[in-house]
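Under our numbering, think of the first position of the sequence shown as 2, with each following residue one higher.
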Amino acid sequence: MAQDVKSRLLAAIKPHVAFDGWGPEAFAAAVQEAEIAPELARAACPRGAIDLAVAYHEAGDAAMVAALDAMDLDEMRFRDRIAAAVMARLEAVDDPELVRRGMTLFALPHHAAEGAALIWGTADRIWTTLGDSSRDVNWYTKRATLSGVYSSTVLYWLGDHSADHADTRAFLDRRIEDVMRFEKLKAGLRDNALLSGLMAGPLKLLDRVRAPEITPRTGMPGRWKGH
């Protein structure tokens, strides 16, 4: 029941967000247009439009996963799979202004942590859908790195007016290339006898980090491996 109410409110609020943002005015208009009793609307969305902004982001993640599941990814290089996933996430957006307004909302200090958690969640959905099996500290570094790539690509995409967002695709390819260079550098440091000896302590400590038993939808939790 609550999910159905939220879905109706989300559909109703979208035309108002471009003018009023993800705020109380847009939420009030959505409640009226969806013909939902205010008490039911508040039960489904206790924080009003903020809850709908979160729902909109998560719906985009779900659409991205569905698009990836429909793709033939087996013949792609892994870096191309990542690029395809990020572009699929962008293509799930039905109106860039909804994203722009969402970024404004989640840039506010009291919503910044939740905004970061949503980006982290998107990166997690991408890695999980692509079959990431890492359970050590790499579980975190992969998602942290992809969160940065995704965030910067969204910012570029919002200002991109090229045909079929070709410039965004080129920008994303460059960001992924930067990550690949960094990964090669990390591998080189581990293979370097002198440096690996100097870093033995920190590396041993990092080896104790483990991914959470159940992938969270928010935050960046983890656990330490026992003795």
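By construction, the Cβ of each residue, glycine as well, lies at the ideal position given by its N, Cα and C atoms.
Because the structure is a prediction, the values reported are computed rather than measured.
Quiz prompt | Span separating the alpha-carbon of A1 from that of A3 | solution = This structure leaves residue 1 out entirely; the chain is present only between 2 and 228.
Practice problem: Check whether the region 167–187 touches the region 80–89, counting contact only when three or more Cβ pairs, one atom from each stretch, lie closer than 8 Å. | Solution: yes
Exercise. Report yes if the C-beta distance between R136 and A50 is below 7 Å; otherwise report no.
Key: no
Practice problem: Starting from D1, follow the alpha helix (DSSP H) in both directions and report where the run begins and ends. | Solution: Absent from the structure is residue 1, since the part of the chain shown begins at 2 and ends at 228.
Practice problem: Could you check if L109 is buried or exposed, using at least 16 other CB atoms within 10 Å of its CB as the buried criterion? | Solution: exposed
Quiz item: If we ignore side chains and look at the alpha-carbon of each, how far apart do A30 and M181 end up?
Solution: 47 Å
Quiz item: So, are the CB atoms of A27 and I37 less than 7 Å apart?
Solution: no
Quiz prompt | Spatial neighbours of L199 in its chain, beta-carbon cut-off 7 Å, leaving aside the 5 residues before and after | solution = Residue placement at L199 is flagged as unreliable, the pLDDT there being 45, under the threshold of 50; the coordinate-derived value follows with that caveat. The answer is none, since no qualifying residue turns up.
Quiz item: Per DSSP, what kind of secondary structure is G132 in: helix, strand or coil?
Solution: coil
Self-check item: C-alpha distance - D5 paired with E76, whole-angstrom precision
Solution: 39 Å
Practice problem: Taking 7 Å as the cut-off, decide whether the C-beta atoms of T169 and Y157 are in contact. | Solution: yes
Practice problem: Could you name each continuous alpha helix (DSSP H) segment of 4 residues or more that falls completely within the region 50–118, going from the start of the chain to the end? | Solution: 50–70, 79–92, 97–107
Quiz item: By the 10 Å Cβ neighbour count, where 16 or more other Cβ atoms means buried, how is T105 classified, buried or exposed?
Solution: exposed
Exercise. Evaluate R224 with the Cβ neighbour count: other Cβ atoms within 10 Å of its Cβ, from every protein chain shown; 16 or more gives buried, anything less gives exposed.
Key: Here the model assigns R224 a pLDDT of 43, short of 50, so the residue's position is not dependable and the matter cannot be decided.
Quiz prompt | Of the listed residues M65, S163, A124, T130, nearest to S153 (C-alpha basis) | solution = A124
Quiz item: Just checking my contact of G245 with H58 at CB under 8 Å: how many whole Å lie between their CB atoms?
Solution: Nothing can be reported for residue 245, as the shown portion of the chain is limited to 2 through 228.
Quiz prompt | A68 versus A60: straight-line alpha-carbon distance, rounded | solution = 12 Å
Self-check item: R126 versus V32 - alpha carbon distance
Solution: 31 Å
Quiz prompt | Cut-off 8 Å between Cβ atoms - residues of its own chain near E34, not counting five sequence neighbours on either side | solution = A13
Exercise. Please confirm whether L10 and L53 have their CB atoms less than 7 Å apart.
Key: yes
Quiz item: Looking at C-alpha atoms only, which residue of P97, Y141, A113 is the closest neighbour of H162?
Solution: P97
Quiz prompt | Assigned exposure category for S148 - 16 Cβ within 10 Å defines buried | solution = buried
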